[in-house]
Structures are given as C-alpha cells and as structure tokens.
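Convert by adding 15 to the 1-based position in the sequence shown; the result is the number in this note's numbering. Here a beta-carbon is modelled for each residue, glycine too, at the ideal position from N, C-alpha and C. The model shown is predicted, which means the values in this text are computed figures rather than measured ones.
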Amino acid sequence: MKTFMPAVDQLNVYLFKLINAPAGISVGMLRIGTFFASAAVALFPLVLLFNWFWCGESQKKSVLYALVSMIFAMKINIFIGIVCQHPRPFMIPIGQHFLDHAANNSFPSNHMSLSCAISFSLIACGTLRQQGLVLFAVSMLVAWARVYMGVHFPLDIAASLGVALVSAILSLRCAKAVNAIYAYVYFRYHIIFATGIRKRFIK
16 MKTFMPAVDQ LNVYLFKLIN APAGISVGML RIGTFFASAA VALFPLVLLF NWFWCGESQK
76 KSVLYALVSM IFAMKINIFI GIVCQHPRPF MIPIGQHFLD HAANNSFPSN HMSLSCAISF
136 SLIACGTLRQ QGLVLFAVSM LVAWARVYMG VHFPLDIAAS LGVALVSAIL SLRCAKAVNA
196 IYAYVYFRYH IIFATGIRKR FIK
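Spelled out as structure tokens, the structure:
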C-alpha cells in the first residue's frame with residue numbers, strides 16, 4: 016500500500032501488524048472479531064428505526080440528519096475511491112486474513128464512514144447524544160475488528176473518521192434543506208402510517 020509519504024506507509028503497516036490477528040487465533044477471538052467486523056453494524060440501522068418509529072419528533076429529525084450524513088459519506092467515499100485506489104491487506108498480501116471479502120478498494124472503509132457518520136450526527140444533534148456516544152464506541156470496536164480480521168489498514172479507518180466528521184458537519188450546514196425535507200417526510204409518514212399511529216403502535 017503506497018502513499019506519497021513513505022513514513023506514513025511504514026507507520027500504517029506497522030500498526031496493521033500490531034493489530035492484525037495472529038495465525039494461531041483462538042476460536043473465541045475469531046468469533047468476536049467476526050461479529051464486530053460484520054454483524055455489529057446492524058445495530059446502527061436498528062437504532063435509527065427505533066428512534067423514527069417509537070420516539071418523538073426531535074428524535075425523528077435527528078434520524079434524518081444521520082441519513083443525510085450517511086449520503087454525504089457515501090458520495091465522498093465514492094469520489095475518494097475513484098481518485099485513490101488502495102488494495103486490501105490480503106491483496107498484497109500482508110498479515111493474516113480471516114474474513115471473506117471482495118478484493119476491492121479498501122480506502123476509506125465504508126463500514127467506518129457510515130457508522131461514524133451516524134454516530135457523529137446523533138452526537139451533534141443533541142437529542143440523541145448518549146446513543147451517538149454508544150454507537151461511536153461500537154464503531155471503534157468495528158474499526159479494531161476490520162483491521163484485526165485483515166480486511167483494512169489503520170489508515171483506511173483514520174480516513175473514514177475524517178470522512179464521517181466532514182459528512183456530519185455538511186448535514187448540519189444543510190439544516191434549512193434537511194428541515195424542509197423532514198417536514199415533507201413527516202407529513203407523508205403520518206398519512207402512510209396513520210392507522211399504526213392512531214392505535215399507538217408507533218409514534
């Protein structure tokens with residue numbers, strides 16, 4: 016994996032080797048690594064769905080900001096992927112690889128960009144700050160697991176944090192547009208789910 020700064024390359028590889036799982040990984044650590052590298056991200060949409068369907072209007076608005084932040088993160092990642100292609104560790108190959116993954120661009124990590132974009136947005140919006148902090152902690156475990164299981168370099172993770180932060184800021188800067196979208200979506204939501212809301216199955 017080459018950048019324009021050899022020192023960064025060396026640090027990136029050094030940190031990868033430090034975090035990457037050993038060849039004799041235990042079954043327990045393999046299961047933990049696999050869970051956080053693959054399954055843990057399912058928590059993020061579940062949190063958003065819960066806050067949309069069963070919480071108040073301020074929480075719903077925070078969910079929309081998180082979704083907008085995710086869109087920004089994906090757009091930025093797509094652009095970076097076009098101009099900056101980097102192989103995954105197992106494509107070089109380097110280290111140990113314990114997770115099936117397509118041999119595609121690794122920089123930055125989509126898992127981390129999206130999960131941290133959600134986390135940062137919820138923290139910034141305030142009403143769901145505690146949930147955002149918990150999700151950020153989960154994101155850090157996902158980050159560890161993606162490197163531990165051999166599908167990402169630490170530099171991929173660091174770049175994703177930057178992408179997520181920029182995306183969250185952009186979503187807040189677009190507050191006028193997001194609030195207008197929210198008003199429309201909230202109106203349509205009350206029409207489509209009128210029965211469930213009336214019977215108090217959802218809010």
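Three-state secondary structure (DSSP) of residue i
{"i": "K75", "result": "helix"}
{"i": "M16", "result": "Note on M16: pLDDT 48, under 50, position unreliable in the model; no value is reported."}
{"i": "Q100", "result": "coil"}
{"i": "Q111", "result": "coil"}
{"i": "R215", "result": "coil"}
{"i": "A55", "result": "helix"}
{"i": "F68", "result": "helix"}
{"i": "N194", "result": "helix"}
{"i": "S124", "result": "coil"}
Within 8 Å, strictly: CB atoms of residue i and residue j
{"i": "W67", "j": "V56", "result": "no"}
{"i": "S130", "j": "F59", "result": "yes"}
{"i": "G96", "j": "K32", "result": "no"}
{"i": "A81", "j": "L137", "result": "yes"}
{"i": "I47", "j": "V162", "result": "no"}
{"i": "M44", "j": "A38", "result": "no"}
{"i": "M127", "j": "V157", "result": "yes"}
{"i": "V193", "j": "V83", "result": "yes"}
Cut-off 7 Å between Cβ atoms - residues of its own chain near residue i, not counting five sequence neighbours on either side
{"i": "D171", "result": "S121, F122, P123, S124"}
Cβ-based burial, residue i [other Cβ within 10 Å; buried from 16]
{"i": "V42", "result": "exposed"}
{"i": "F94", "result": "exposed"}
{"i": "Y197", "result": "buried"}
{"i": "K76", "result": "buried"}
{"i": "F87", "result": "buried"}
{"i": "H101", "result": "buried"}
{"i": "L223", "result": "Shown here, the chain extends from 16 to 218; a query on residue 223 therefore has no answer."}
Cβ shell of residue i (< 6 Å), same chain only, five flanking positions each side left out
{"i": "H116", "result": "V166"}
{"i": "F151", "result": "S134"}
{"i": "L114", "result": "A52, M164, V166"}
Neighbourhood of residue i by C-beta, 8 Å cutoff - its chain only, sequence neighbours within 5 removed
{"i": "W69", "result": "I217, K218"}
{"i": "H112", "result": "P104, F105, M164, G165, V166"}
{"i": "R215", "result": "none"}
Extent of the continuous alpha helix (DSSP H) run through residue i
{"i": "F105", "result": "Element bounds for F105: n/a, residue is neither H nor E."}
{"i": "T49", "result": "42-49"}
{"i": "D24", "result": "21-34"}
{"i": "V157", "result": "144-163"}
{"i": "C189", "result": "Neither: C189 is in no alpha helix (DSSP H) and is coded neither H nor E."}
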